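A.B. asks: Each residue of the sequence shown is one higher than the one before, starting from 176 at the first, in this note's numbering. Glycine is no exception: its CB is placed at the ideal position from the N, C-alpha and C atoms. Computed from a prediction, not measured in an experiment: that's the story for all the values here.
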Amino acid sequence: MTLRDNDCAVLHLEGMRPWNLERASEGSAVKLASGLPQRHYPEDIRALRSVARYGEEQDARLAFDEARIETADAKNRSEVQRIFNKYGWVTNSLADKDAAHNFWLLVQHQTPEIQRRFLPALEQAAKTGNASMGDYAYLYDRVQVGLGKPQLWGTQTRCEDGKVVLAPVADPAGLDARRKALFMQPIAEYLKNDYLAKACTKIGK
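1) With distances taken from CA atoms, which of 272, 321, 238 is nearest residue 286?
2) Measuring alpha carbon to alpha carbon, tell me which of 270, 259, 235 ends up nearest residue 246.
3) Can you name, in chain order, every residue of its own chain whose Cβ lies under 6 Å from the Cβ of residue 284, other than the five neighbours on each side?
4) Under the rule that 16 or more other beta-carbon atoms within 10 Å means buried, what is residue 376, buried or exposed?
5) Quick check on the burial criterion: 16 or more other C-beta atoms within 10 angstroms. Buried or exposed for residue 116?
6) With DSSP as the reference, please indicate the residues paired to residue 339 in a beta bridge.
7) Could you tell me which uninterrupted alpha helix (DSSP H) segments, each at least 4 residues in length, are contained entirely in the segment 248-313, listed from first to last along the chain?
8) Could you please give the first and the last residue of the uninterrupted alpha helix (DSSP H) stretch that includes residue 381?
9) If you draw a straight line from the C-alpha of residue 233 to the C-alpha of residue 201, how long is it?
10) Just to confirm my understanding: we take residue 332, look at its own chain, exclude 5 residues before and 5 after, and list those with CB closer than 8 Å. What are they?
Below, the structure written as structure tokens:
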């Protein structure tokens, strides 16, 4: 929003025309706007608002059902690649934060080859404020660990004897500072996460 003076401002909403706003005088009746124009997203982008959060892929993970997880990930694979080939990384400006985050969720559980190919596009979007730096941290760490290299933000774990163990980290002394910069909880708290513990108990790897 841009202030013109003490009584006037211009509201800028992405993808919409600017709205001129005026301060209401004291005691005057105020009517709330109900007809703001809505952004129109392509159908495949609109679908991202629900497919990752409520779809079979997430249900399978919450149930720790490996067979269903693999089936759901494979089912999503061609659509994830098609969307990326058409739009590039799904950014906040292309869709919205929910859809962009859901696209990341789907990529996070795809093959290492897909993750490596998509990572530079997410990095560029995140560093320009058009995607979540937290999402980038998780995908970066996953790619690094998949390559046998140390991660930076400590998002990736493994299971040893049924217990959660942190995958190798570069500069462990600075880990919590890096996590704090992205509003992540301290690593000691993260490793106590119930989901991680249940995964080690039920899946064991």
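C.D. replies: Reading from the atomic positions:
1) 321
2) 235
3) 248
4) exposed
5) Given a span of 176 to 380 for the chain in the structure shown, any question on residue 116 remains unanswerable.
6) 334
7) 272-283, 287-302
8) Because the chain here runs from 176 to 380, residue 381 falls outside it and cannot be looked at.
9) 51 Å
10) 339, 340, 341, 342, 366, 371
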